[in-house]
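Just below is one structure, and these are the notes that go with it.
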Amino acid sequence: MARFDQPVPVRGKKRDLLARASSSRERPLSFHPPSPDSEKSLQCHLLVGGNEISDRELPPLQDDKGKPKNSVCLQTFTAGVQNRKGEILSLRYLCDGGSTRIFIKRETADLLGLKVICREELLIYAFGNRIRKRQIYDVVQLSLRNRKDPSRKIQISAVVIGDITVGEIEVPSERVRNIAFERRIELADTSDSEEVHVLIGSDFLWEVLKDTNVRLSRRLVATDSIFGFVVQGSERESNCGEVHVNLLRVINEELKYDRVKDLSELEEIGLNPKRKYPIRI
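With positions in the sequence shown counted from 1, the corresponding number in my numbering is that position plus 10.
So, in structure tokens, the structure goes:
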């Protein structure tokens, strides 16, 4: 839920609108953030009785480097892979249930010196790609090891491809790490880089993931794996487009003509409001 630490400034005619609204018996206050497609900033519109009285710009969420955050975690982890020289290198992996195969970047395969075990003719589709063109791809084999427990490992076959993604897949934020620490959960993604070297598809996905799920928040879930817990979901508790705050204000609105009317009604029934009547018990 959005938090507003400072009051929204109200000046001029807008102050008059607020003053008139406060004299009523009940008025809802509604904060209307913009539609999700706004990329630059969030707008807070304060509405009183349907009248817009003020707005305030809020900066978008940013990470430690000042870049905008999408605040959505994908299932990523780091694991060690041995190269030809016997050295253990740490790679970053992305679990993707929407892929049917495992893919590895060619640059990474060359760096590890992985041998080509076979070649396959595949038809790879991407978003918006309608061109059906089969291509021949190299297939390599590698063994993934848990960084702290080398006995926990898995051997996979991966299709060599130019790039996994041109975008950057964010690492778990400091907030997520703190929540995991409080729950005594060891996260599998300890990388500082947002680059992904290997994509784990559905063919090996559930050999990596286990059955244990831990809910960190309403929208954030951690799933156990042989490399630690991988996190998936949104860090934000809510992205609703409108937050209502109901303000109930009851005041005495008796006007002068109402007072005159009350006095006339007393006189009609034979009572003089100015005369004092004794109370008999």
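Positions of the beta carbon are idealized from the N, C-alpha and C atoms, including for glycine.
Counting only runs that start and end inside the region 210 to 242, the alpha helix (DSSP H) elements of at least 4 residues fall at 212 to 218. DSSP, reduced to helix, strand and coil, places R193 outside both helices and strands of the structure shown, so it counts as coil.
For E130, the enclosing beta strand (DSSP E) has its first and last residue at 126 to 132.
Taking Q151 as reference, the option from L133, R129, R157 with the minimal CA-CA separation is R129.
Between R102 and S201, the beta carbon gap of about 5 Å places them in contact (Cβ cut-off 8 Å). Distance between R94 and K125, taken at the CA atoms: about 9 Å. G243 has its alpha-carbon roughly 14 Å from the corresponding atom of D106. Of the candidates K220, E204, F237, E204 places its Cα closest to the Cα of C83.
If you draw a straight line from the Cα of S109 to the Cα of F214, it comes to about 10 Å. Between the alpha carbons of K220 and F237 lies a gap of roughly 10 Å.
Shortest Cα-Cα distance from I98 to any of N156, I195, S183 involves N156. Only residues of its own chain outside the window of five on either side were considered, and among them G107, S109, T110 have a CB closer than 7 Å to the CB of S212, listed in chain order. Nearest Cα to V170 within the set V241, I195, E117: E117.
Non-local beta-carbon contacts of D148 in its own chain, meaning distances under 7 Å to residues more than five positions away in sequence, involve V126, R129, V170 in chain order. By the Cβ-count criterion, K115 is buried, with 16 or more other Cβ atoms from all chains shown falling within 10 Å of its own Cβ.
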